[in-house]
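Undergrad: I have a structure here, written as structure tokens, and I will follow up with some questions on it.
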Amino acid sequence: SKIAELYVDGCLNVFEETKALGVKPNLVLYNTLLDAMGRAKRPWQVKTIYKEMLDNGFTPVWVTYAALLRAYGKARYGEDAISVYREMKEKGMDGVECQAEVKLNEMLDAGLSLIYVPTSLIQCYGKANRTDDVVRTFNRILELGITPDERSCGCLLNVMTQTPKEELVKLTGCIEKANPKLGSVVKLLVEETNIEGDIFKGEAGGLLDSIGADVRKAYCNCLIDLCINLNVLERACELLDLGLTLEIYTDIYTI
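Residue numbers (full-length UniProt numbering): 1 to 255.
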């Protein structure tokens, strides 16, 4: 409403006037302003105030991040919400999975069908070893009509390297749907199919040839890690050899 707009504008005016008089804002005031601007659906002002807060030497706390997540989630500022989530994860803040999960799910429910939103949830669940939630989130991607891209497939592959062996089969089906070529290679490893090395290298080579150069190294690294976790070291060596042949690994020198 117009009254609410006037109230918010009034808050900002008082804030600017107090600074002009030489009064320095404290962390509580910044957090209150961030929350108010978020509730008023003014994410651009949230970003400005947050930057000023950091420039003035204040360190964000849980209340700060909660206000940022609420503001960006309401406004569907997906990239900014993910950035806040990652910063919280890096700082190891308690409860980050729950808070970020709620906000990211709200963004999905609101129709924000950008691939990085569910992909971030998959990363979150994968690190927490919540395999069933990874599968559920992947299925939501398909239900929303979002086509998994190479990076989201790479995210699933990375989650597999952190998943207990007995639960890998749950993720194999997801990867097969997302990228049949990747699914075929992963299935050969997980099911420990007894095939000739040349056949496996052919499958893996076909996969690596079909994906972008910017993700090949990440895919190859994850597949090698998966081989090591499954104790199929021969396959790991074949993948490394393939990586050298395709010049995916250009910084490894052989004698």
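Heads up, the beta-carbon is just placed ideally off N, CA and C, and yes, glycines get one too.
Since we're looking at a predicted model, the values are computed, not measured.
(1) Using CA coordinates, which residue listed in Lys91, Asn129, Asp9, Glu191 is at the minimum distance from Asn158?
(2) Does DSSP put Gln123 in a helix, in a strand, or in coil?
(3) Between Asp132 and the rest of its own chain, which residues show a CB-CB distance below 8 angstroms, the 5 nearest in sequence each way excluded?
(4) Counting C-beta neighbours from all protein chains within 10 Å, is the total for Glu79 16 or more, i.e. buried, or is it exposed?
(5) Starting from Asp149, trace the alpha helix (DSSP H) in both directions and tell me its first and last residue.
(6) I'd like the span of the alpha helix (DSSP H) that includes Ala75, first residue to last.
(7) So, using beta-carbon positions, are Cys174 and Leu189 closer together than 9 angstroms?
(8) Go through its chain and collect everything with a Cβ distance to residue 262's Cβ below 7 angstroms, but skip five positions before and after it.
(9) Hey, which unbroken runs of the alpha helix (DSSP H) at 4 residues or more fall wholly within the region 167-211?
(10) With a threshold of 6 angstroms on Cβ separation, who are the neighbours of Ala178 within its own chain once the five nearest residues in sequence on each side are excluded?
(11) Going by Cα to Cα distance, which pick from Tyr77, Leu27, Lys201, Val61 is closest to Met88?
(12) Tell me the residue span of the alpha helix (DSSP H) that contains Gly38.
(13) Taking all protein chains shown into account, decide if Pro43 is buried (16 or more other Cβ within 10 angstroms of its Cβ) or exposed.
(14) Cα separation between Val232 and Ala218?
(15) Could you check if residue 283 is buried or exposed, using at least 16 other CB atoms within 10 Å of its CB as the buried criterion?
(16) Out of curiosity, what's the CA-to-CA distance linking Asp241 and Pro164?
(17) In terms of residue numbering, what span does the alpha helix (DSSP H) encompassing Asn58 cover?
TA: In short, the structure shows the following:
(1) On the sequence shown, position 158 is the one that residue 158 refers to. Taking only the C-alpha atoms, the option nearest Asn158 is Asn129.
(2) What you label residue 123 is simply residue 123 of the sequence shown in a count that begins at 1. In this structure, Gln123 counts as helix in the three-state DSSP scheme.
(3) Stepping through the sequence shown from its first residue, residue 132 is reached at position 132. The answer, listed in chain order, is Lys170.
(4) Locating residue 79 in the sequence shown gives position 79, counting from the first residue. Label assigned to Glu79: exposed.
(5) Counting from 1 along the sequence shown, the entry for residue 149 is found at position 149. Asp149 -> no alpha helix (DSSP H), and no H or E assigned at all.
(6) Stepping through the sequence shown from its first residue, residue 75 is reached at position 75. It spans 62-75 - the alpha helix (DSSP H) in which Ala75 sits, taken as one unbroken run.
(7) Counting from 1 along the sequence shown, the entry for residue 174 is found at position 174. Counting from 1 along the sequence shown, the entry for residue 189 is found at position 189. Not in contact: Cys174 and Leu189 (Cβ atoms no closer than 9 angstroms).
(8) For residue 262 there is no data in the structure shown, the boundaries of the chain being 1 and 255.
(9) 168-178, 180-190, 197-210
(10) Taking the first residue of the sequence shown as position 1, residue 178 is located at position 178. Taken in chain order, the residues that qualify are Pro148, Cys153.
(11) For this step, residue 88 is matched to residue 88 along the sequence shown. Of Tyr77, Leu27, Lys201, Val61, the residue nearest in Cα terms is Val61.
(12) Sequence index remark: in the sequence shown, residue 38 carries index 38 (1-based). Taken as a continuous stretch (DSSP letters only), the alpha helix (DSSP H) holding Gly38 covers 27-39.
(13) In the sequence shown, residue 43 corresponds to position 43, counting from 1. Flag for Pro43 reads buried.
(14) Sequence index remark: in the sequence shown, residue 232 carries index 232 (1-based). Sequence index remark: in the sequence shown, residue 218 carries index 218 (1-based). Rounded to the nearest angstrom, the two C-alpha atoms are 19 angstroms apart.
(15) Outside the displayed span of the chain (1 to 255) sits residue 283, for which this structure offers no information.
(16) Here residue 241 refers to the residue found at position 241 of the sequence shown. Here residue 164 refers to the residue found at position 164 of the sequence shown. So the two alpha carbons sit approximately 26 angstroms from each other.
(17) Walking along the sequence shown from the start, residue 58 turns up at place 58. Before going further, note that residue 58 is Phe rather than Asn in the sequence given. Here Phe58 belongs to no alpha helix (DSSP H), and DSSP marks it neither H nor E.
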